[in-house]
Amino acid sequence: MRAKIATATFFCAQVLPQVHGLVAPVRAGHDQLFAIGVEQFAH
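This is the structure:
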């Protein structure tokens with residue numbers, strides 16, 4: 000249980016504050032991501 004609490008604490012302290020900075024790229028769309036072919040992810 001302590002590991003889960005430590006993970007949640009880390010997430011809240013390190014990841015959640017970045018959410019507002021990531022909103023614009025997420026809303027911008029997926030065109031750039033899907034411009035990469037599936038086979039290119041293997042390299």
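Residue 30 in numbering that gives the first Met the number 0 sits at position 31 of the sequence shown, with consecutive numbering throughout.
Ideal Cβ positions, reconstructed from N, Cα and C, are used throughout, including at glycine.
Limits of the unbroken alpha helix (DSSP H) element including Leu21: For this step, residue 21 is matched to residue 22 along the sequence shown. Secondary structure note for Leu21: its alpha helix (DSSP H) is the uninterrupted segment 18 to 27.
Please report the distance separating the alpha-carbon of Val22 from that of Met0. Counted from its first residue, the sequence shown places residue 22 at position 23. Counted from its first residue, the sequence shown places residue 0 at position 1. Spanning the alpha carbons of Val22 and Met0 requires a straight line of approximately 32 Å.
Start and end of the alpha helix (DSSP H) containing Gln39? What you label residue 39 is simply residue 40 of the sequence shown in a count that begins at 1. That residue, Gln39, is in no alpha helix (DSSP H); it is neither H nor E in DSSP.
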